[in-house]
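Asker: Residues 37 to 155 in our numbering are what the sequence shown spells out, letter by letter. Cβ coordinates follow ideal geometry from the N, Cα and C atoms, glycine included.
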Amino acid sequence: MTYALPFVALGGALGATLRYLALLAWPAPWGTLAINGAGALLIGLLAVPLLLSERGLHPLAPFLVTGVLGGFTTFSAFSLDTLRLIEGGRIGAAVTYAGGSVALSLGACALGLWLGRLA
């Protein structure tokens, strides 16, 4: 699927640009919260026709899901992954994944801030 790489890159650039513009209009943290909520909503809306179709992966999925939404927010992918675990009856895995994701992300961010302040 290397044919999709330019489309993923283009989508990522578009998503990152949209995120930047949204944060200009609505500063963090509330802008970030809105972006993450919008991304989660969009990946939920796009999952069925683009990712979960009986015909397999839709050709627009790399551009829209991996590219645009990946550049816009990775929280959307986290949300979809958690809900798919829940829908699959894997509640324990969903709780572990969600809790671990939040803990890891906050811990990694704290570590990065600490290391950055050392420099």
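What residue range does the alpha helix (DSSP H) around W150 cover?
Answerer: I127 to L154
Asker: Taking all protein chains shown into account, do 16 or more other C-beta atoms lie within 10 angstroms of the C-beta of P98, making it buried, or fewer, making it exposed?
Answerer: buried
Asker: Take A76 and list the residues in its own chain whose beta-carbon comes closer than 7 angstroms to its own, dropping the five residues that flank it on each side.
Answerer: F111, S112 and S115
Asker: Using 9 angstroms as the threshold, is the C-beta distance between L142 and A129 below it?
Answerer: no
Asker: Please state whether the Cβ-Cβ distance between G107 and A70 is less than 9 angstroms.
Answerer: For the 9 angstroms CB-CB criterion, G107 and A70 do not form a contact.
Asker: Just to check my reading of the structure: L59 and G67 have Cβ atoms closer than 8 angstroms, yes? What is that Cβ distance to the nearest angstrom?
Answerer: 5 angstroms
Asker: Looking at the structure shown, is L87 part of a helix, part of a strand, or coil, going by DSSP?
Answerer: helix
Asker: From which residue to which residue does the alpha helix (DSSP H) around G47 run?
Answerer: L41 to A61
Asker: Nearest CA to the CA of T102: which residue from L87, G92 and R126?
Answerer: Put simply, of L87, G92 and R126 the residue whose alpha carbon is nearest the alpha carbon of T102 is L87.
Asker: Can you give the Cα-Cα distance for L81 and L105, rounded to whole angstroms?
Answerer: 12 angstroms
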